[in-house]
C-alpha cells in the first residue's frame, strides 16, 4: 500500500519536468492522477505515471483562464468523485533577462507562475 492510496491528485504542468515527476511519484504511492497542461506530454515520467495510475489523457488547460480551470475541476470531480490533492506546477520562463523582456512577456510569466 502506498501513502496516497485512494487519493485523487490534480497536477498542473504535468506534461513535463517537475509536474511530470510529481505525477510519477504520486502514482507510485497509489494516487489517481488528473494531469493538466497547456502542452502535450513529451513522454517519460508522465507516460509512466499514466500506466501506474491508470490515468486518462492530460486535460488541456491554460491556468490563466479561470473559467477553464473551473470546468476542469468539475470534470475531475465528475470523473473521480473527489479531489484530495492539488499541485500547482505549471510554470513558464521569460524569454531573456528581465530588463529585456516585453511587458506582455512579463505579464504572461506572472500570470502562469
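Numbering (my numbering), first residue to last: 1385 to 1497. All residues carry an ideal CB built from backbone N, CA and C; glycine is no exception.
- In the DSSP assignment, residue 1497 forms no beta bridge with any residue.
- Taking the Cβ atoms as the reference, residue 1389 lies roughly 4 Å from residue 1414, within the contact range of under 8 Å.
- Looking at the DSSP output, residue 1443 bridges to 1420.
- Residue 1424 and residue 1481 have their C-alpha atoms some 27 Å from each other.
- Where residue 1415 is concerned, there is no enclosing alpha helix (DSSP H), because DSSP gives it neither an H nor an E.
- For residue 1469, the uninterrupted beta strand (DSSP E) run begins and ends at 1469–1472, by DSSP.
- The beta carbons of residue 1468 and residue 1391 sit closer together than 9 Å.
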